[in-house]
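All you need for the numbering used here is the position in the sequence shown, starting with 1, plus 6.
In this text, a Cβ means the ideal position worked out from N, Cα and C, and glycines have one as well.
Have a look at the structure below before the remarks.
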Amino acid sequence: MNANDKIYIAGHRGLVGTALMRNLRAKGFANFVTRTHAELDLTSQAAVEAFFAAEKPDYVFLAAAKVGGIHANNTYPAEFIRDNLAIQTNIIHAAYKNDVKRLLFLGSSCIYPKLAPQPMKEEHLLTSELEPTNRPYALAKIAGIEMCWSYNRQYKTQYLAVMPTNLYGPGDNYHPENSHVIPALIRRFHEAKLANAPSVTVWGTGTPKREFLYSEDMADACVYLMNLSDAQFVPLLGQDRNDGLPPLMNIGVGHDLTIRELAETVAAAVGYQGTLEFDATKPDGTPRKLMDVGRLNAMGWTATTDMRSGLATAYQDFMAAM
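Structure (structure tokens):
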């Protein structure tokens, strides 16, 4: 990417989009085109096509999506598959029609099978059953990867999908019901601290293991990949193959911790000193989701933010948003 290239970040107000904006600005990029949801309905094909035809972006970061935790996925499965399919289909096709140079499609580690080998490699996609609680979202994202791959093969586009592990950081969603695990825990421990509550109950047994990536690190990895030379980038795209390895790159830290360990770490970051209890009647989700980040590390990028310092910044962000 050159400094004067026009960059469109779909979903620029979310956790991923705000991190991308900060990272790109820090690297000297300033020619951004953005639209809020009120200004552009990404589920509308006509609206998206008119936007691309008018703006003609050179590079696209497709970070817009309907996302949420287990509760949200169980409550709104129709919206999770319908809205995500519509958003990514409209943007990917409009990017092709308007000669976008490169597109980065952001998904999630939940696209991998429930019982995938650990750590999960890119080639484990579609090798066994998905986790039922987030299947609508995962299937939508898998369709997006396949769409990128299909356009790369048929039209020689340069569309790469990246699958970050679980994210947290500034700009997260702290909704009491529809947030992911870290922002949900930050809110609950903060409220418990204010109320002097003697204990906090966490969903599940506490035994599943999860990997977490600071959002600023995720953004740095995305910009790193988008800036690769053609010699490094094009071989990732599957333009001349249909061999089972899609145009897909994992982004993570390469190590995980149990939900119990996570809850204890978040409680410490918030300053909550009560006891933790676990409700085993609530679903645990996938037993373990650790990303294999060997391919990305071999290309020269690794995460740099440790969880304690990342959580401290995330808690400061939460307090500022209250």
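When you compare only the Cα positions, how much space is there between residue i and residue j?
{"i": "L91", "j": "Q279", "result": "43 Å"}
{"i": "P170", "j": "P253", "result": "14 Å"}
{"i": "V22", "j": "A70", "result": "9 Å"}
{"i": "A25", "j": "F67", "result": "12 Å"}
{"i": "H186", "j": "P123", "result": "24 Å"}
{"i": "N138", "j": "R19", "result": "A small fix is needed here, since residue 138 is Pro in this sequence, not Asn. When rounded, the distance between both Cα atoms is 29 Å."}
{"i": "G210", "j": "M7", "result": "44 Å"}
{"i": "T42", "j": "F195", "result": "31 Å"}
{"i": "Q51", "j": "C228", "result": "26 Å"}
{"i": "F239", "j": "N80", "result": "37 Å"}
{"i": "T310", "j": "G150", "result": "29 Å"}
{"i": "G74", "j": "G175", "result": "15 Å"}
{"i": "L317", "j": "V272", "result": "7 Å"}
{"i": "A56", "j": "R247", "result": "32 Å"}
{"i": "T319", "j": "Y118", "result": "29 Å"}
{"i": "A53", "j": "R159", "result": "27 Å"}
{"i": "R31", "j": "V206", "result": "40 Å"}
Using the DSSP secondary-structure output, state which residues sit across from residue i in a beta bridge.
{"i": "F218", "result": "N172"}
{"i": "D285", "result": "W209"}
{"i": "A16", "result": "L68"}
{"i": "P38", "result": "Residue identity differs from the one stated: residue 38 is Phe in this sequence, not Pro. DSSP, once it has assigned bridges, lists I13 as partnering F38."}
{"i": "R294", "result": "K215"}
{"i": "Y165", "result": "L109"}
{"i": "M126", "result": "M297"}
Looking at residue j and residue i, is the spacing between their C-beta atoms short of 8 Å?
{"i": "F324", "j": "R193", "result": "yes"}
{"i": "I87", "j": "L145", "result": "yes"}
{"i": "I13", "j": "P63", "result": "yes"}
{"i": "R216", "j": "L263", "result": "yes"}
{"i": "G212", "j": "R266", "result": "yes"}
{"i": "L219", "j": "G258", "result": "yes"}
{"i": "G291", "j": "P214", "result": "yes"}
{"i": "K120", "j": "L136", "result": "yes"}
{"i": "L234", "j": "M255", "result": "no"}
{"i": "V208", "j": "A274", "result": "no"}
For residue i, count neighbouring Cβ atoms within 10 angstroms of its own Cβ and tell me buried if that reaches 16, exposed if not.
{"i": "M328", "result": "exposed"}
{"i": "G244", "result": "buried"}
{"i": "L200", "result": "exposed"}
{"i": "N140", "result": "buried"}
{"i": "Y161", "result": "exposed"}
{"i": "K127", "result": "buried"}
{"i": "R108", "result": "buried"}
{"i": "P142", "result": "buried"}
{"i": "S221", "result": "buried"}
{"i": "M163", "result": "According to the sequence shown, residue 163 is Thr rather than Met. So T163 ends up on the buried side."}
{"i": "S387", "result": "Here the chain comprises residues numbered 7 to 328, so residue 387 is not present and cannot be evaluated."}
{"i": "Q322", "result": "exposed"}
{"i": "P189", "result": "buried"}
{"i": "G17", "result": "buried"}
{"i": "A9", "result": "exposed"}
{"i": "P204", "result": "exposed"}
key: 3 or more residues per run - each beta strand (DSSP E) lying fully within the segment 225 to 281   = Entirely contained in the segment 225 to 281, the beta strand (DSSP E) runs reaching 3 residues are, in chain order, 254 to 257.
key: Complete beta strand (DSSP E) runs within the segment 65 to 120 (minimum length 3 residues, chain order)   = Runs of the beta strand (DSSP E) lying entirely within the segment 65 to 120, each at least 3 residues long, are 65 to 68, 108 to 112 in chain order.
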